[in-house]
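S.K.: Letter by letter, the sequence shown follows residues 1 to 107 in my numbering.
Backbone N, C-alpha and C define an ideal beta-carbon position, used for all residues, glycine too.
I have a structure I would like to understand better, so I am pasting it below and will then ask my questions one at a time.
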Amino acid sequence: MKYIEGDQLKNIFSSLSFQKKIQVLIELTQQVQFLHDNDYLHLDIWPENILFDGQAILHDYGCSAKLLNGTFVSKLKGSHIPQKLLSLIKCSPHVFMGNFQIPMHLG
């Protein structure tokens with residue numbers, strides 16, 4: 001794994017120009033699209049899990065999940081998502097409750 005020498009995006013976002021903020025959103029969207037194209041869900045995207053070293057870098061994949069035909073099938077680390085690892089305030093209800101039978105549209 002590559003060491004990233006940067007700061008959390010939340011600490012520097014307000015100092016970025018409008019154009020750079022747009023670029024950051026594009027970079028994050030591309031990273032999430034890459035995960036979805038490869039049948040993975042991050043499940044814990046929030047400001048503390050985005051680093052910035054000139055570009056936005058999504059990290060902390062501890063709550064990531066694998067999909068099979070658009071359906072949640074497994075956790076990368078264990079059979080369930082430990083609630084202490086989730087960002088509870090920012091976590092969607094179906095992720096928090098472990099209800100992955102809700103259709104997830106990735107297209």
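Using a 10 Å radius around the Cβ and a threshold of 16 neighbouring Cβ atoms, would you call D7 buried or exposed?
M.R.: Label assigned to D7: exposed.
S.K.: Anyone know if the C-beta pair for A56 and L28 falls short of 7 Å?
M.R.: Yes; because the gap between Cβ atoms is below 7 Å, this pair is in contact.
S.K.: Do the CB positions of N49 and H59 come within less than 7 Å of each other?
M.R.: Yes, Cβ-Cβ distance for N49 and H59 is below 7 Å.
S.K.: Throw me the rounded Cβ distance for the L68 and D44 pair, which I believe falls under 8 Å.
M.R.: Not a contact, Cβ separation roughly 20 Å.
S.K.: Please classify L41 as buried or exposed, where buried requires at least 16 other C-beta atoms within 10 Å of its C-beta.
M.R.: Its Cβ being crowded by 16 or more others within 10 Å, L41 is buried.
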